[in-house]
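Working notes, beginning with the structure itself.
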Amino acid sequence: MSTPTDAVTMDKIVSLCKRRGFIFQSSEIYGGLASTYDYGHYGVLLKSNVKAEWWRAVLQERDDMVALDAAILMHPRTWEASGHLAGFTDPLVQCLGKCKKRWREDHLREAIEAEGGDPDAPLVCPECGGELSEPRNFNLMFETHMGPVQDEGSQVFLRPETAQGIFVNFKNVMQFARKRPPFGIAQVGKSFRNEITPGNFIFRTREFEQMEIEFFVPPAQAPEWHQRWMDERLSWYTDLGIRADHLRLRRHEGDELSHYSSATSDIEYLFPMGWSELEGIANRGDFDLTQHAEYSREKLDYVDPGTGERYVPHVIEPSAGADRGTLAFMVDAYDEEQVEGRERVLLRLHPRLAPVKAAVLPLVNKDGQPEKARAIYEELRKRMPAEFDTGGSIGKRYRRQDEIGTPWGVTVDHQSMEDDTVTLRDRDSLEQTRIPAAEVADELERRLHAEWRSPKPVTAG
Ligand code: ATP
Numbered sequence: 138m139s140t141p142t143d144a145v146t147m148d149k150i151v152s153l154c155k156r157r158g159f160i161f162q163s164s165e166i167y168g169g170l171a172s173t174y175d176y177g178h179y180g181v182l183l184k185s186n187v188k189a190e191w192w193r194a195v196l197q198e199r200d201d202m203v204a205l206d207a208a209i210l211m212h213p214r215t216w217e218a219s220g221h222l223a224g225f226t227d228p229l230v231q232c233l234g235k236c237k238k239r240w241r242e243d244h245l246r247e248a249i250e251a252e253g254g255d256p257d258a259p260l261v262c263p264e265c266g267g268e269l270s271e272p273r274n275f276n277l278m279f280e281t282h283m284g285p286v287q288d289e290g291s292q293v294f295l296r297p298e299t300a301q302g303i304f305v306n307f308k309n310v311m312q313f314a315r316k317r318p319p320f321g322i323a324q325v326g327k328s329f330r331n332e333i334t335p336g337n338f339i340f341r342t343r344e345f346e347q348m349e350i351e352f353f354v355p356p357a358q359a360p361e362w363h364q365r366w367m368d369e370r371l372s373w374y375t376d377l378g379i380r381a382d383h384l385r386l387r388r389h390e391g392d393e394l395s396h397y398s399s400a401t402s403d404i405e406y407l408f409p410m411g412w413s414e415l416e417g418i419a420n421r422g423d424f425d426l427t428q429h430a431e432y433s434r435e436k437l438d439y440v441d442p443g444t445g446e447r448y449v450p451h452v453i454e455p456s457a458g459a460d461r462g463t464l465a466f467m468v469d470a471y472d473e474e475q476v477e478g479r480e481r482v483l484l485r486l487h488p489r490l491a492p493v494k495a496a497v498l499p500l501v502n503k504d505g506q507p508e509k510a511r512a513i514y515e516e517l518r519k520r521m522p523a524e525f526d527t528g529g530s531i532g533k534r535y536r537r538q539d540e541i542g543t544p545w546g547v548t549v550d551h552q553s554m555e556d557d558t559v560t561l562r563d564r565d566s567l568e569q570t571r572i573p574a575a576e577v578a579d580e581l582e583r584r585l586h587a588e589w590r591s592p593k594p595v596t597a598g
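Count along the sequence shown from 1, add 137, and you get the number used in the numbering used here.
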């Protein structure tokens with residue numbers, strides 16, 4: 138496995154997130170709740186931008202997608218049909234050694250018996266030989282109750298994926314969206330999984346946000362659309378500045394495939410802890426619609442009005458994590474460099490992802506500069522998220538903006554008071570250019586929509 142030679146480590150990201158108010162430990166004043174995080178101001182803005190860019194790419198710039206926002210609580214039969222109820226209630230053991238893999242205890246014992254061994258002997262991890270945990274009947278779904286009486290009839294689950302909300306609405310959408318396969322339904326929302334091994338900051342948490350598409354296609358077109366979605370989704374990350382050599386596609390092999398999937402590929406990113414899944418792109422066949430049709434007794438197929446052909450569409454599912462994506466964008470953007478003998482820490486975020494696009498800063502806090510800067514700021518913020526900052530030395534203010542990834546600084550100085558020009562400071566190159574104050578908003582808008590590539594060097598080996 139390749140290891141990053143970047144300056145970035147997960148500890149540095151965690152500490153930057155805390156220092157600059159991106160992400161905090163949840164319920165910190167009570168000692169925190171394990172693997173649960175709260176997004177602060179800049180974290181909210183960054184993650185919102187990630188989601189907005191996703192919506193832009195999968196919905197706004199296409200003709201074949203509609204949006205959905207389904208409830209987190211769903212009819213319990215949903216989880217019977219989807220296989221989550223049965224699939225997640227097996228006796229699970231987990232490797233406490235190196236590989237941390239989870240295994241079905243019953244499967245391990247069956248395999249030993251099939252080879253003539255003693256099925257009651259102590260088990261070790263078949264992958265790395267590590268010690269295994271005690272078996273637990275583990276259901277990944279969080280369970281709760283609806284209404285005042287807590288009995289089996291009131292049991293509901295927090296959804297472990299947003300996907301099922303899409304499948305159960307297939308009929309509604311078909312009726313109202315005026316779409317025919319190939320077309321997709323896109324949704325962003327919270328999902329919950331009682332993960333056995335959460336960790337690596339916001340990489341794996343028990344409550345997280347997903348950005349999922351279920352793309353319905355005529356069965357014969359499924360392989361082609363699977364490939365198309367892999368290409369589309371990979372480009373989305375690189376278009377938003379992630380270095381191509383830090384991304385890869387990994388196909389799932391035989392027994393790694395989920396019960397519903399005929400083919401799955403993961404987009405993986407080279408995180409500080411190594412290559413890890415960022416997004417899964419699965420060919421789910423007709424599994425979900427067929428299951429829900431059977432359990433609900435509703436017809437969930439499609440009749441082609443041209444040919445009269447009736448079929449259950451096949452589904453391609455690009456399923457991304459909004460938090461995991463946000464983490465990848467931050468990790469890829471994190472940089473350190475020496476500037477005039479001082480260390481500069483910065484996030485080289487794509488300008489469209491940056492929480493704040495420009496900071497308007499008077500060089501000194503007197504001589505009419507703050508008033509002039511404030512007026513420029515008030516015009517600019519009508520066009521893009523901006524900040525006005527008068528606190529502390531100019532160097533300190535730049536350092537703060539660098540750390541939150543603000544791509545441009547607009548500085549008002551003594552010359553501005555004479556000729557109505559300002560300097561534009563570029564976060565990445567540190568280049569300063571002087572332009573008329575009246576042109577600032579147009580110029581920054583132009584830069585915001587220009588193509589952008591990370592200036593960070595290639596480091597994957
Ligand atoms: P993993 O193998 O990492 O647990 P998965 O294969 O179970 O992930 P999927 O069910 O394919 O994940 O979910 C799609 C996407 O949702 C993942 O690629 C990831 O970005 C995100 N995701 C899944 N589980 C979590 C989690 N516990 N915390 C944060 N994001 C998650």
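Cβ coordinates follow ideal geometry from the N, Cα and C atoms, glycine included.
Item	Value
Closest Cα partner of residue 266 within the set 581, 234 and 398	234
Inter-stretch contact (C-beta, 8 Å, three-pair minimum) for the segment 471 to 478 and the segment 327 to 344	no
Extent of the continuous alpha helix (DSSP H) run through residue 579	577 to 585
Any non-hydrogen atom of ligand 1 within 7 Å of residue 421 CB	no
Residue 460 CB to nearest heavy atom of ligand 1 below 7 Å	yes
Secondary structure of residue 150, DSSP reduced to three states	helix
For residue 155, the three-state DSSP class (helix, strand or coil)	helix
Length at least 4, wholly inside the segment 473 to 539: the alpha helix (DSSP H) runs in chain order	506 to 517
Three-state secondary structure assigned by DSSP to residue 182	helix
8 Å Cβ shell around residue 320 - same chain, five flanking residues per side excluded	201, 202, 203, 314, 352 and 353
Residue 388: CB within 7 Å of a non-hydrogen atom of ligand 1	no
Residue closest to residue 459, alpha-carbon to alpha-carbon, out of 156, 290, 165 and 182	182
Cut-off 7 Å between Cβ atoms - residues of its own chain near residue 417, not counting five sequence neighbours on either side	401, 403 and 456
Any non-hydrogen atom of ligand 1 within 7 Å of residue 402 CB	no
Segments of 3+ residues assigned as beta strand (DSSP E) that fall wholly inside the segment 318 to 342	320 to 329
Residues near residue 335 by beta carbon distance below 8 Å, same chain, minus five either side	171, 172, 341, 342 and 343
Residue 434 versus residue 298: straight-line alpha-carbon distance, rounded	23 Å
Among 195, 211 and 219, nearest to residue 599 - alpha-carbon criterion	Given a span of 138 to 598 for the chain in the structure shown, any question on residue 599 remains unanswerable.
Pair within 8 Å by beta-carbon distance, residue 318 and residue 439	yes
Residue 242 vs residue 263 beta-carbon contact at 8 Å	no
Through-space distance from residue 369 to residue 377, alpha-carbon basis	12 Å
Alpha-carbon spacing of residue 525 relative to residue 506, whole angstroms	12 Å
Residue 468 - containing beta strand (DSSP E), residue span	From DSSP, residue 468 is part of no beta strand (DSSP E) but of the alpha helix (DSSP H) over 459 to 470.
Residue 523 to residue 393 span [Cα, whole Å]	46 Å
Residue 275 - DSSP class collapsed to helix/strand/coil	coil
The beta strand (DSSP E) enclosing residue 282, as first and last residue numbers	280 to 282
Given residue 461 as reference, the closest of 556, 144, 174 and 430 once Cα atoms are compared	174
Cross-strand partners of residue 203 (DSSP beta bridge)	322
Close beta carbons around residue 387, own chain, < 7 Å, minus the five adjacent residues each side	402, 403 and 405
Straight-line Cα distance separating residue 413 from residue 337	11 Å
Residue 253 to residue 247 span [Cα, whole Å]	10 Å
Own chain partners of residue 554 with C-beta closer than 8 Å, once the 5 adjacent residues on each side are dropped	504, 505, 506 and 509
Cα-Cα separation, residue 287 to residue 279	15 Å
Distance, residue 481 Cα to residue 199 Cα	40 Å
Euclidean distance between Cα positions of residue 221 and residue 576	56 Å
Check: residue 342 C-beta below 7 Å from any heavy atom of ligand 1	yes
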